[in-house]
Amino acid sequence: MDFSIIRIARTVLHVVDLQVSRKFYVDGLGMIETESDDNHIYLRGLEEHSHHSLLLKKADKAVVEVLSYKVEKEQDLDEIEKLFISQGLKTKWMAKGVQHAIGRTLRVHDISGIPLEFFAEMTTVDRMLQRYDLYRGAKIQRIDHVNCAVPDVQKAFDFYVNHLGFSCSEYTETEEGDLWAAWLYRKPTVHDQAFMSGPGPKLHHFAYSLTDRLSVLDCCDVLASMGYADSIERGPGRHGLSNAFFLYLRDPDGHRIELYTGDYLTSDPDLKPKRWDLNDPLRQTFWGHKAPDCWFNETSTFIDIETGEEIECREPLLAQRQPKNMA
Numbered sequence: 001m002d003f004s005i006i007r008i009a010r011t012v013l014h015v016v017d018l019q020v021s022r023k024f025y026v027d028g029l030g031m032i033e034t035e036s037d038d039n040h041i042y043l044r045g046l047e048e049h050s051h052h053s054l055l056l057k058k059a060d061k062a063v064v065e066v067l068s069y070k071v072e073k074e075q076d077l078d079e080i081e082k083l084f085i086s087q088g089l090k091t092k093w094m095a096k097g098v099q100h101a102i103g104r105t106l107r108v109h110d111i112s113g114i115p116l117e118f119f120a121e122m123t124t125v126d127r128m129l130q131r132y133d134l135y136r137g138a139k140i141q142r143i144d145h146v147n148c149a150v151p152d153v154q155k156a157f158d159f160y161v162n163h164l165g166f167s168c169s170e171y172t173e174t175e176e177g178d179l180w181a182a183w184l185y186r187k188p189t190v191h192d193q194a195f196m197s198g199p200g201p202k203l204h205h206f207a208y209s210l211t212d213r214l215s216v217l218d219c220c221d222v223l224a225s226m227g228y229a230d231s232i233e234r235g236p237g238r239h240g241l242s243n244a245f246f247l248y249l250r251d252p253d254g255h256r257i258e259l260y261t262g263d264y265l266t267s268d269p270d271l272k273p274k275r276w277d278l279n280d281p282l283r284q285t286f287w288g289h290k291a292p293d294c295w296f297n298e299t300s301t302f303i304d305i306e307t308g309e310e311i312e313c314r315e316p317l318l319a320q321r322q323p324k325n326m327a
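Residues 1 to 327 in this note's numbering are what the sequence shown spells out, letter by letter.
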């Protein structure tokens, strides 16, 4: 292929009340507010030099506008457009200046209908990595990955691996040998993009990397002290998949965010993907703890890149909706 996708770079969420969201993300989780206006808040982690990795937009309804990937150079955008057009998929250009702090962007719908965005240029800012006086909440460092529910995981897997150049670190199969979930990466960690079988396309969660496990526990204490105990949906715990220490939260609009630390390097070209059985109790939580039903059944809705209307949700091809031991 004639282009290079570097990494997942940002999530654009619609939220109902910006001030309520600011309290959760800035005061609670410790994200850096790069700037804001009456309709937008631009947030980033302490390690990040890009202007933002999370854009909150004021709206009447909480939905997901787009998931953004950074590419190596401007010419990559044109090559990616050719690919999506050749696959009969919808594309839309947004000129530099249309979106604040970001250059020319290509918006598309992938093979599952997920709205994606590709860009090469974003305004840079000072890293806050050694501004320890600003560390609070979860001390969030950088965006790590997104996870989407899709009706056909095998179809999504084939498109991202064969056409977009992603590699697979780990995957989950049913007892019948059908692909139920996959963890795919461009940067040298466990994943940038994950897929799981479910009604979709929908966003299951977006995730941020932390420095250590203690940061996860500190975040729980801070959130509880602020009255956000009910926002803690699952964890803290350790995944079997990825080996990472995790915490799942729901923001004030119901969007799910994962705080994540301790996965592993995937840069070696001869790294073999790790297979998991869907019903293995150590797969999702290495300590064997069950995930709540809402973790499987509640997701965030995407909107169309042209119309802004909510994308129609389709039922999954596979009958099994969650591990048997967690049913």
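Just so you know, even glycine gets a beta-carbon here, dropped at the ideal spot from N, CA and C.
Query: First through last residue of the alpha helix (DSSP H) which encompasses Asp110; Result: Premise fails: Asp110 is in no alpha helix (DSSP H) and is neither H nor E.
Query: Continuous beta strand (DSSP E) assignments of at least 3 residues falling wholly in the region 155–242; Result: 167–173, 179–185, 193–197, 202–209, 232–238
Query: Trp295, enclosing alpha helix (DSSP H) - first and last residue; Result: 293–297
Query: Rounded Cβ spacing between Val71 and Phe119 (contact assumed at less than 8 Å); Result: 7 Å
Query: Contact check, Ser167 vs Trp180, beta carbons under 8 Å; Result: no
Query: Nearest residue (CA-CA) to Gln99, options Leu55, Glu33, Asp263, Leu116; Result: Leu55
Query: Beta-carbon proximity of Tyr228 to Gly28, cut-off 8 Å; Result: yes
Query: Secondary structure of Arg321, DSSP reduced to three states; Result: coil
Query: Three or more C-beta pairs below 8 Å linking the region 297–309 and the region 275–282; Result: no
Query: Span of the beta strand (DSSP E), counted from its first residue to its last, around Ile367; Result: Residue 367 falls outside the range modelled here, since the chain spans only 1 to 327, and no answer is possible.
Query: Sufficient close CB pairs (3 or more, under 8 Å) joining the region 311–319 to the region 203–221; Result: no
Query: Heavy atom of the ligand FAD within 7 Å of Ala224 beta-carbon; Result: With respect to small molecules bound, the structure shown includes none, and the ligand FAD cannot be examined in it.
Query: Neighbourhood of Leu184 by C-beta, 8 Å cutoff - its chain only, sequence neighbours within 5 removed; Result: Phe157, Tyr160, Val161, Phe166, Ser167, Cys168, Ser169, His191, Asp192, Gln193, Ala194, Phe195
Query: CB of Asp144 within 8 Å of CB of Ala62, strictly; Result: no
Query: Nearest neighbour of His163, chosen from Arg186, Lys272, Asp218 [CA to CA]; Result: Arg186
Query: When Leu67, Glu65, His109 are compared against Ser86, the one with the closest alpha-carbon; Result: His109
Query: Neighbourhood of Ser68 by C-beta, 6 Å cutoff - its chain only, sequence neighbours within 5 removed; Result: Ala9, Arg10, Glu117
Query: Presumed contact (8 Å Cβ cut-off) between Met122 and Leu46, rounded CB distance; Result: So it is not a contact: roughly 17 Å between Cβ atoms.
Query: CB contact flag (Pro199, Val20, <8 Å); Result: no
Query: DSSP beta-bridge partners of Lys23; Result: Its beta-bridge partners do not exist; DSSP assigns none.
Query: Arg104 beta carbon less than 8 Å from that of Leu77; Result: yes
Query: Presumed contact (8 Å Cβ cut-off) between Lys328 and Val26, rounded CB distance; Result: Past the boundaries of the shown model lies residue 328; the chain is included only from 1 to 327, so the question cannot be answered.
Query: Beta-bridge pairing of Val146 - partner residues as DSSP gives them; Result: Gln193, Phe206
Query: Through-space distance from His205 to Leu249, alpha-carbon basis; Result: 9 Å
Query: Residue burial classification, Asp263 (beta-carbon count within 10 angstroms, cutoff 16); Result: buried
Query: Own chain, CB closer than 7 Å to Thr174, minus 5 neighbours either side, in chain order; Result: Trp180, Leu278, Leu318, Gln320
Query: Assumed close pair His51, Tyr42 - CB separation to whole angstroms, cut-off 8 Å; Result: 6 Å
Query: CB contact flag (Glu233, Pro323, <8 Å); Result: no
Query: Runs of alpha helix (DSSP H) wholly within the region 30–100 (minimum 4 residues, chain order); Result: 74–86
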